[in-house]
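Contents: one structure, followed by commentary.
2 protein chains.
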Amino acid sequence: MPARIQPVILCGGSGTRLWPTSRTSLPKQFVPLLGPHSTFQQTLLRLQGPLFARPIVVANRDHRCLVEKQAAAIDAGVTLLLEPERRDSGPAILAACTLVAREDPEAVVLVLPSDHIVTEPRAFRRAVASALPAARAGRLVTFGIEADHASTEYGWIRPGTRVEARCHAVHTFAEKPDAARAATYLSDRWLWNSGNFLMRADTLCAEYAAFDPDTAAAAALAVEAAADEGGALALDAEGFAGTHKTSLDFAVMEKTSRAAVARMRCGWSDVGNWNALWAISERDDLGNVSRGAAELFDTEGCFVSSDGMVTSLVGVRDLVVVAEKDAILVADRSRCGDVRKMVEILRSKGRPQAEWHASSHRPWGSYRVLEASDGFQVKRITVAPGGRLSLQKHRHRAEHWVVVRGCARVTVDDTVADYRESEHIFIPLGAIHRLENPGNDDVELIEVQLGSYLGEDDIVRLEDAYHRA
Amino acid sequence: MPARIQPVILCGGSGTRLWPTSRTSLPKQFVPLLGPHSTFQQTLLRLQGPLFARPIVVANRDHRCLVEKQAAAIDAGVTLLLEPERRDSGPAILAACTLVAREDPEAVVLVLPSDHIVTEPRAFRRAVASALPAARAGRLVTFGIEADHASTEYGWIRPGTRVEARCHAVHTFAEKPDAARAATYLSDRWLWNSGNFLMRADTLCAEYAAFDPDTAAAAALAVEAAADEGGALALDAEGFAGTHKTSLDFAVMEKTSRAAVARMRCGWSDVGNWNALWAISERDDLGNVSRGAAELFDTEGCFVSSDGMVTSLVGVRDLVVVAEKDAILVADRSRCGDVRKMVEILRSKGRPQAEWHASSHRPWGSYRVLEASDGFQVKRITVAPGGRLSLQKHRHRAEHWVVVRGCARVTVDDTVADYRESEHIFIPLGAIHRLENPGNDDVELIEVQLGSYLGEDDIVRLEDAYHRA
Numbered sequence: 036m037p038a039r040i041q042p043v044i045l046c047g048g049s050g051t052r053l054w055p056t057s058r059t060s061l062p063k064q065f066v067p068l069l070g071p072h073s074t075f076q077q078t079l080l081r082l083q084g085p086l087f088a089r090p091i092v093v094a095n096r097d098h099r100c101l102v103e104k105q106a107a108a109i110d111a112g113v114t115l116l117l118e119p120e121r122r123d124s125g126p127a128i129l130a131a132c133t134l135v136a137r138e139d140p141e142a143v144v145l146v147l148p149s150d151h152i153v154t155e156p157r158a159f160r161r162a163v164a165s166a167l168p169a170a171r172a173g174r175l176v177t178f179g180i181e182a183d184h185a186s187t188e189y190g191w192i193r194p195g196t197r198v199e200a201r202c203h204a205v206h207t208f209a210e211k212p213d214a215a216r217a218a219t220y221l222s223d224r225w226l227w228n229s230g231n232f233l234m235r236a237d238t239l240c241a242e243y244a245a246f247d248p249d250t251a252a253a254a255a256l257a258v259e260a261a262a263d264e265g266g267a268l269a270l271d272a273e274g275f276a277g278t279h280k281t282s283l284d285f286a287v288m289e290k291t292s293r294a295a296v297a298r299m300r301c302g303w304s305d306v307g308n309w310n311a312l313w314a315i316s317e318r319d320d321l322g323n324v325s326r327g328a329a330e331l332f333d334t335e336g337c338f339v340s341s342d343g344m345v346t347s348l349v350g351v352r353d354l355v356v357v358a359e360k361d362a363i364l365v366a367d368r369s370r371c372g373d374v375r376k377m378v379e380i381l382r383s384k385g386r387p388q389a390e391w392h393a394s395s396h397r398p399w400g401s402y403r404v405l406e407a408s409d410g411f412q413v414k415r416i417t418v419a420p421g422g423r424l425s426l427q428k429h430r431h432r433a434e435h436w437v438v439v440r441g442c443a444r445v446t447v448d449d450t451v452a453d454y455r456e457s458e459h460i461f462i463p464l465g466a467i468h469r470l471e472n473p474g475n476d477d478v479e480l481i482e483v484q485l486g487s488y489l490g491e492d493d494i495v496r497l498e499d500a501y502h503r504a
Numbered sequence: 036m037p038a039r040i041q042p043v044i045l046c047g048g049s050g051t052r053l054w055p056t057s058r059t060s061l062p063k064q065f066v067p068l069l070g071p072h073s074t075f076q077q078t079l080l081r082l083q084g085p086l087f088a089r090p091i092v093v094a095n096r097d098h099r100c101l102v103e104k105q106a107a108a109i110d111a112g113v114t115l116l117l118e119p120e121r122r123d124s125g126p127a128i129l130a131a132c133t134l135v136a137r138e139d140p141e142a143v144v145l146v147l148p149s150d151h152i153v154t155e156p157r158a159f160r161r162a163v164a165s166a167l168p169a170a171r172a173g174r175l176v177t178f179g180i181e182a183d184h185a186s187t188e189y190g191w192i193r194p195g196t197r198v199e200a201r202c203h204a205v206h207t208f209a210e211k212p213d214a215a216r217a218a219t220y221l222s223d224r225w226l227w228n229s230g231n232f233l234m235r236a237d238t239l240c241a242e243y244a245a246f247d248p249d250t251a252a253a254a255a256l257a258v259e260a261a262a263d264e265g266g267a268l269a270l271d272a273e274g275f276a277g278t279h280k281t282s283l284d285f286a287v288m289e290k291t292s293r294a295a296v297a298r299m300r301c302g303w304s305d306v307g308n309w310n311a312l313w314a315i316s317e318r319d320d321l322g323n324v325s326r327g328a329a330e331l332f333d334t335e336g337c338f339v340s341s342d343g344m345v346t347s348l349v350g351v352r353d354l355v356v357v358a359e360k361d362a363i364l365v366a367d368r369s370r371c372g373d374v375r376k377m378v379e380i381l382r383s384k385g386r387p388q389a390e391w392h393a394s395s396h397r398p399w400g401s402y403r404v405l406e407a408s409d410g411f412q413v414k415r416i417t418v419a420p421g422g423r424l425s426l427q428k429h430r431h432r433a434e435h436w437v438v439v440r441g442c443a444r445v446t447v448d449d450t451v452a453d454y455r456e457s458e459h460i461f462i463p464l465g466a467i468h469r470l471e472n473p474g475n476d477d478v479e480l481i482e483v484q485l486g487s488y489l490g491e492d493d494i495v496r497l498e499d500a501y502h503r504a
């Protein structure tokens, strides 16, 4: 039996064009955009079967708990490779291949973005399997999607001469074209560049080193000096900082003579913006997609999603309306690519909603800010069964907790006690404290913080079950 | 010096076309739609000067504290006449005139809706003064606005022959016409019916009695049996229930031979829907009106208002976007009249947002629901200086209070004590308790309620400073 394919899943993107649902604090790939699973989970599920080894997930440290929780929720085992910072796909893929090549240089690696949707995973796996001979023979195979419209949002590939079975050499890579060129590409049967790659680890490392030796050396250093962090492998920050920030297409694929393209028809979408999500979602007779507490009157062709607020549309056409607790987007469906510009505007104005959600996920559970005001803040805190916040103290705030669900174990200085529903705990300023959920059901608390400074960074961690101390 | 004009301000409307800002719990007339004052307050301010007596305000009991607070905030004294239920403008005006006629049958009454905007109050007062001779002579004078466009939203009046100075007999009343007829009315210089009236109290009572003797008798009974309620006069419910629910136009004006119309040009708008508010608001170069945390990118002709959430518009035209904490409206600006239909849909689906705001105003201050869940609820409570909640208990819930601003005086059973910022009070289920603000600044608390039933009606009032016990 030949060696399995080693999947490498890229989780580093921030997906600003799906704002306000996707933000730095919970980017697109961790959001259930279509169906019950996030696109990251869908990517893991796509890799089921004997063809694939345990996936390597390359992710930012900030998203570690999301990766672990979401993988665990679907019983998928992963190997975590933590990036110290975002440096685009090139260095991430190179580091992963360097790691894989240390064990088995000829191992074949399948690189997958974590934020795509594939409605026909079997067809996806078939296409991967059929490209294996070319990858084994030293080709850098990219998967090309058979285009069904003249997209100006994707990169295109013109296939060249046939090489190994089902693969063609790449004649031309063309970045996002204008409408006229896109129409030509479509009629000439060019393919969309899907961003999925299949190749031997050693081939990729060698080609990368040929075109960018500095980055190859830096990536090798980052992997060599990588440290175990409670089961995850953290790339060395200094080494990784020496890589050039760039995409694999730009660093290698557009330069190498080994580039090949394999056709794929698998219900693929990169869900690049809200309009793309509308296009692949089930629509009603009037072309509307409606999620959450939405009400529509004489409305057509709209995508509306509401996180609780009653969102009412009256007499409108072809809009995207996304309502989160702290941020709302109303965009023309044909202008969804510009949502990225709106996020830049919000960032330039210092609006926290550009990057942060009102809800935050933590290894131990999650919290949501219910009210923020001068001198006080109210949060709803959920601690998962077995969850254990760090032993900590605050320099600038006192906290009141009221248990509203379940039974919480609370340490305050030298005392440990259990508190049930409707019990109150006061954490004085400076007190060393810890919150735990020793039970089998979620614990929920309402927290009222009071103090001169209420930032998340006013936490002095004395001990932490999740390696954050 | 002649007797002053007796203003009667009608506060009974519910303004559903300005949903979600205007709802039954805080209708349009109490909202600061344009500038710092509500239209109710603007109506009071319009009546300053020696021409007018202390206004009578006809309002629903539920809105009493709003009327009193908003009048007090601009130092305006009012006489409150409480309607037991909404029966449209006819019975409300008739009851007020019956009341006025008991003191002085010949008193001249000026009826004003409380939800209109008049940008030139002096011109308004001049027009009223100039119609006085006609009213004194027994005319029922309605004020006609010189039309500037072919509105299909207003009633129109065709003036007839001249009667007293500056007044014309009414030749025709025409209800909301179609566009073609509206265009004809405009070119024939018909007037818009503003819903403001000037007439002697006895004339109105006599004419009403002539056309609808049952209602006249019922209204007389409602006034005769009216009861003093801590300074307000509450119409007798049984009597008032005997009146026919109808508008004054329909009950009297369209039938009487005494109808007259006086021209008025005073920057009038009935702010009948969001588009009307957009039209009278200051707009930027691209025709946008923007209030609160709104961000616009390549957007034209829009009205956007946000109650805190960052509301972002991308590439849209001629929309109304109104975001309240619990409800959002996105409507085409030309379709704002249909917002009323959306409210009906929400009502038919039992959505509380059709009628109720997340924030509620009370005589002692206000509160806002921050979170509502099974078994618990979180509120932010503000008690105004001198404010005093009723002495009360709950049958189904316990409450935790954390003071986050100011100093609260709290009674729990036999104890009264003052609590400062960051102090916690527990109100056990069934405990008799009271919250007061003895200081000069607002007191704010976060309340966590826990119990099997959390409805507002689980309050057993033992004593109340605002006549609600």
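So the protein sequences, as listed, match chains A and B. According to the working numbering, the stretch in the first sequence is residues 36 to 504, in order. According to the working numbering, the stretch in the second sequence is residues 36 to 504, in order. The beta carbon of each residue, even a glycine, is placed where N, CA and C say it ideally should be.
Chain-order list of chain B residues neighbouring A/GLU406: LEU405 and ARG415, by C-beta distance under 7 Å. Contact of A/GLU330 with chain B is assigned, a C-beta pair being separated by under 8 Å.
Under the Cβ criterion of 8 Å, B/SER57 is not counted among the residues facing chain A.
Check the Cα spacing between B/ARG496 and each of B/GLU458, B/GLY125 and B/ARG423: the tightest is with B/ARG423. Chain-order list of chain B residues neighbouring A/HIS429: empty, with the shortest C-beta distance near 13 Å, by a criterion of under 9 Å.
The residues ARG444 and VAL445, in chain order, have a CB closer than 8 Å to that of A/ALA452 in the same chain once the five nearest residues on each side in sequence are set aside.
The Cβ atoms of B/GLY274 and B/ALA286 lie no closer than 8 Å to each other. Rounded to the nearest whole angstrom, the CA to CA distance from B/PRO248 to B/ILE192 is 26 Å.
Around B/LEU134, no beta-carbon contact reaches into chain A at under 9 Å, the shortest distance being about 40 Å. By the C-beta criterion, the stretch 221-231 of chain A is judged to be in contact with the stretch 170-182 of chain A, since at least 3 inter-stretch pairs fall below 8 Å. A Cβ-Cβ distance of about 7 Å is found for the pair A/CYS337 and A/ASP353, placing them in contact under the 8 Å criterion.
If you ignore the 5 residues before and after A/GLU406, its C-beta comes within less than 8 Å of the C-beta of GLN412 and VAL413, all in its own chain and listed in chain order. A/MET234 and A/GLU242 have their alpha carbons spaced roughly 11 Å apart.
Annotation for A/ALA200: SER165, PRO168 and ALA169 place their beta carbon closer than 8 Å to its own, counting only its chain and skipping 5 residues before and after. A check of alpha carbon separations from B/GLY490 across B/GLU458, B/LYS211 and B/ALA433 identifies B/ALA433 as the nearest. Check the Cα spacing between B/ALA88 and each of B/SER487, B/THR114 and B/THR334: the tightest is with B/THR114. Residue range 202-209 is occupied by the beta strand (DSSP E) that includes B/PHE208.
In the DSSP annotation of this structure, the continuous segment of the alpha helix (DSSP H) that includes A/TYR220 starts and ends at 214-222. As the crow flies, the alpha-carbon of B/ILE460 is around 29 Å from that of A/ASP492. Within the same chain, and ignoring the five residues on either side of B/ILE40 in sequence, the residues whose Cβ sits closer than 6 Å to its Cβ are LEU86, PHE87, VAL143 and LEU145. The alpha-carbon of A/HIS206 is positioned some 17 Å away from that of A/MET299.
Contact annotation: the stretch 366-378 of chain A touches the stretch 325-342 of chain B, with at least three C-beta pairs closer than 8 Å. Taking 8 Å as the CB threshold, B/GLY410 lines the interface with chain A. For the 8 Å CB-CB criterion, B/LEU464 and B/GLY486 form a contact. Residue-level contact by beta carbon holds for A/PHE461 and chain B, with a gap shorter than 8 Å.
Annotation: the continuous beta strand (DSSP E) that includes A/LEU175 extends over 175-181. Between the stretch 94-102 of chain B and the stretch 204-222 of chain B, the count of C-beta pairs closer than 8 Å stays below three; the two stretches do not touch. Taking every protein chain shown into account, the CB of A/THR74 has 16 or more other CB atoms within 10 angstroms, so this residue is buried. Closer than 8 Å to the CB of A/VAL439 there is at least one CB belonging to chain B. Check the Cα spacing between B/VAL418 and each of B/SER124, B/ARG430, B/VAL345 and B/PRO398: the tightest is with B/PRO398.
Annotation: the continuous beta strand (DSSP E) that includes B/ASN95 extends over 91-95. Secondary structure note for B/TYR189: it is in no alpha helix (DSSP H), with a DSSP letter that is neither H nor E.
In this structure, B/CYS442 keeps its C-beta atom at 8 Å or more from the C-beta atom of B/GLY400. Look at B/VAL258 here: in three-state DSSP terms it is helix. Residues of chain A whose Cβ lies closer than 7 Å to the Cβ of B/HIS435 are, in chain order, VAL437 and HIS459. The DSSP-derived three-state label of A/GLN484 is strand.
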